[in-house]
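> Under the numbering used here, think of the first position of the sequence shown as 1274, with each following residue one higher. For each residue, glycine too, the CB sits at the ideal point set by N, CA and C.
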Amino acid sequence: LCVLVPPAGTLLGILYLAMSDGLFDGTSAGKRLTRLRVVHRITFTPCTFKESVLRNLPFSVPATFLLLPPPVGAVLTTIVGLPLVALEIYLLYTDPEGYRLGDVLADTTVVAPLPPKQEEPVTSSALRNMRRHTAAEPS
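#1: In the DSSP assignment, the alpha helix (DSSP H) including Val1384 goes from what residue to what residue?
#2: Should Val1334 be listed as close to the ligand SAM, given that the test is whether its C-beta is under 6 Å from any heavy atom?
#3: Which whole runs of the beta strand (DSSP E) in the segment 1282 to 1348 are 3 residues long or more, in chain order?
#4: Between the alpha carbons of Thr1300 and Pro1342, how many angstroms are there, rounded?
#5: Is it true that the CB of Arg1310 sits closer than 7 Å to the CB of Val1384?
#6: Determine the DSSP secondary structure at Gly1371, reduced to helix, strand or coil.
#7: So does the segment 1289 to 1304 actually touch the segment 1315 to 1329, counting three or more Cβ pairs closer than 8 Å?
#8: Sorted by chain position, which residues of the same chain lie with C-beta nearer than 6 Å to Leu1364's C-beta, five sequence neighbours on each side aside?
#9: Check this for me: beta carbons of Thr1381 and Arg1314, under 7 Å apart or not?
#10: What is the DSSP secondary structure of Val1278, counted as helix, strand or coil?
#11: Measuring straight from C-alpha to C-alpha, what distance separates Glu1413 and Val1278?
#12: If you draw a straight line from the alpha carbon of Pro1320 to that of Gly1371, how long is it in whole angstroms?
#13: Are Pro1335 and Thr1350 touching if we call contact CB-CB under 7 Å?
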């Protein structure tokens, strides 16, 4: 679609990038494959579309420059995107909880599901325990 109708394909890609974590109860396509979920950091409710847009701003904002004609769009995407990605990586490794910039903006975190052998219902305390085990892993 991007090749046939460049602005439409790029715009659809940016929209998916911005809202993907709000799909399917906090799971984007990739998170669904890896059995991860984005939840609100305090309530542990699945990520909403609003939280998804906030969480993915550091990636979707630079991508919007791709809607500009080449090479201007690519240059601006690089100029704006590289510092944001560098900040994401820096925060990911220096934040005590392992949050990236998008998680801080949206007040979200990524959690792993309960192991399949457990039959107890998922509660907020169970999710908090899972989060403690995954806090050191990058999101």
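In this structure, then:
#1: No alpha helix (DSSP H) contains Val1384, which is instead part of the beta strand (DSSP E) from Thr1381 to Val1384.
#2: The ligand SAM is not part of this structure, which contains no ligands at all.
#3: 1310 to 1313
#4: 33 Å
#5: yes
#6: coil
#7: yes
#8: Arg1373 and Leu1374
#9: yes
#10: coil
#11: No information on residue 1413 is available, as it lies outside the stretch 1274 to 1412 that the chain covers here.
#12: Residue identity check: residue 1320 is Cys in the sequence provided, not Pro. Answer to the nearest angstrom: the Cα atoms are 18 Å apart.
#13: yes
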